[in-house]
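Reviewing the structure listed below.
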Amino acid sequence: MERLKRPRDFSAVYTRGKPNFGKFVVVSVLPMDGKVSRVGFAVGKKVGNAVARNKVKRRLRAIMQGQAGRISPGFDVIIGAKQKSVTASFRDLEEDVCRVLKYSGLLTSNRSESTRVSEEHA
RNA sequence: UGAGUGAACUAGAUGAUCGCGAAGGAGAAAUCCUUUGAGGAAAGUCCGAGCUCCUUAGGGCAGAAUGCUGGGUAACGCCCAGUGGAGGUAACUCUAAGGCUAGUGCCACAGAAACAAACCGCCUUUGUCGAUUGCUCUGCAAUCACAGAGGUAAGGCUGAAAAGGUGAGGUAAGAGCUCACCAGCGAUUAGGUGACUAAUCGGCUAGGUAAACCCCAUUCGGAGCAAGGUCAAAUAGGGAAGAAGAGGUAGCCCGCUUCGUUAUACUUCCGGGUUGACCGCUUGAGACUUUAGGUAACUAAAGUCCUAGAUAGAUGAUCAUCCACGACAGAACUCGGCUUACCGGUUCACUCAGGAA
RNA sequence: CGGGGCGUGGCUCAGUUUGGUAGAGCAUCGCGUUCGGGACGCGGAGGUCGCACGUUCAAAUCGUGUCGCCCCGA
875 MERLKRPRDF SAVYTRGKPN FGKFVVVSVL PMDGKVSRVG FAVGKKVGNA
925 VARNKVKRRL RAIMQGQAGR ISPGFDVIIG AKQKSVTASF RDLEEDVCRV
975 LKYSGLLTSN RSESTRVSEE HA
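Using this note's numbering, you'd call the opening residue of the first sequence number 875 and step up by one each time.
Below, the structure written as structure tokens:
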């Protein structure tokens with residue numbers, strides 16, 4: 875799983891991709907031909923100050939790290955944080971992200987190791 | 001014991017698992033091991049510098065900033081020590097604090113008047129086919145009214161503020177006109193490097209506002225690490241038209257001008273290209289300890305140490321234990337300051353009040 | 001990193017240059033008009049002038065600091 879870095883890729887996903895809305899996050903998805911999926915994070919200024927933004931970004935990164943094995947390849951994904959994501963706990967955030975990803979058709983649910991891990995944590 | 005003032009320090013701790021950045025090492029590679037990894041404000045970007053570039057940055061105008069004195073510093077609008085002023089019982093705190101005696105402006109409403117004299121008054125004097133009264137009655141005197149000349153600034157209900165204040169003397173009426181005390185100004189002497197302070201003497205007066213224009217003194221070239229440089233890739237070193245011919249035109253990084261310097265241009269239109277990597281990037285006016293100088297800020301010497309360097313931007317998740325239950329908050333070229341935000345905790349020095357000995 | 005602007009009743013803005021009275025439109029409330037409503041007419045209420053400190057006799061206005069928002073350039 876690679877990171878989405880260039881502004882050109884971001885604008886491509888935003889203009890041609892399909893957004894799905896969750897409670898704490900907005901996930902935009904664009905199907906690509908590549909063999910790996912790429913993910914980018916967008917945390918706007920409205921979320922809070924630098925400390926709050928950094929914290930949300932780190933939590934999102936940790937969540938995607940945990941779900942990396944289950945993501946189906948060939949997609950460009952942008953996870954945007956909503957304003958409420960600062961007050962959410964890590965578990966609620968993880969649940970919300972997984973739900974939206976599953977709705978978008980990205981999560982292959984046959985491999986459920988990481989889900990078990992998160993359930994153990996819960 | 002209570003209330004308070006000033007200064008300094010600290011910013012949850014320990015362990016386990018899975019992950020992240022950097023450096024070093026091992027390995028053919030995947031990868032593994034070790035070390036290390038945000039702050040007192042990293043913030044706001046309000047000042048000052050280093051560093052880099054702009055064909056040196058020279059003068060003048062304009063503009064901006066600073067503004068008690070002495071010192072510190074690479075520099076500062078910062079710091080230290082003091083002076084004056086304000087506040088507090090005190091410890092102590094605050095202070096844009098040069099010049100309205102260079103000039104100009106403003107001072108609403110009210111008030112006679114807002115700084116320059118006039119007005120109402122008060123007093124003296126002259127005059128009147130003037131009025132009243134008295135007398136020794138063609139006249140004279142007193143008072144009043146009006147007009148002219150002169151003196152005066154005490155009084156004039158206002159206002160934030162009215163040509164020093166209070167008291168006494170003095171005068172036709174008055175006035176620092178004179179005297180005493182207070183306040184202010186100037187000079188001399190003494191002390192201090194100086195701001196200034198104290199004493200004596202003098203003449204008697206200067207409204208307030210420069211965070212109003214302004215004057216005086218000092219300082220200021222510009223742009224900023226997206227500075228700037230190296231490498232690689234791609235594309236291009238162009239075409240057409242116009243105009244000027246030489247002390248012209250344009251450029252030289254806020255404005256104007258002069259000097260200097262560079263190019264032979266230039267202008268318009270058409271066409272083409274541009275978001276990779278690396279360096280800059282962390283050893284520095286660096287930190288700590290000791291000694292010496294200095295009231296202090298700070299400086300000097302010796303010794304020891306190396307302490308983030310990312311580039312979609314590195315510190316997160318989970319569990320356990322303890323307590324005060326964890327505030328404000330995330331480096332982005334680097335330093336010195338200022339300002340602002342902040343749950344609390346610790347230490348030292350000092351002040352006041354009460355009590356006990 | 002650099003530069004510029006804004007903050008005034010519930011909303012949109014004047015007033016700041018040159019300091020002394022905070023004003024307009026819409027909205028709101030009451031009355032009138034109408035069979036009723038709208039429109040219209042009359043009258044009223046509503047503002048710590050973002051915040052703090054200072055200069056001044058006096059501050060929305062002047063100065064400093066600070067908070068928030070918006071825009072532009074590299």
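Even for Gly, the Cβ is constructed at its ideal location relative to N, Cα and C.
So what does DSSP say about residue i, is it helix, strand or coil?
i	result
D950	strand
R877	strand
K897	coil
L981	strand
Look at the alpha carbon of residue i and the alpha carbon of residue j, and state the distance between them as a whole number of angstroms.
i	j	result
E969	R890	26 Å
K920	G908	33 Å
D950	N923	27 Å
G940	L934	10 Å
On the DSSP bridge assignment, give the partners of residue i in chain order.
i	result
P905	F949
G914	I952
Quick check: residue i and residue j, are their CB atoms within less than 8 Å of each other?
i	j	result
I937	V971	yes
V913	R877	yes
S963	V899	no
R973	G896	yes
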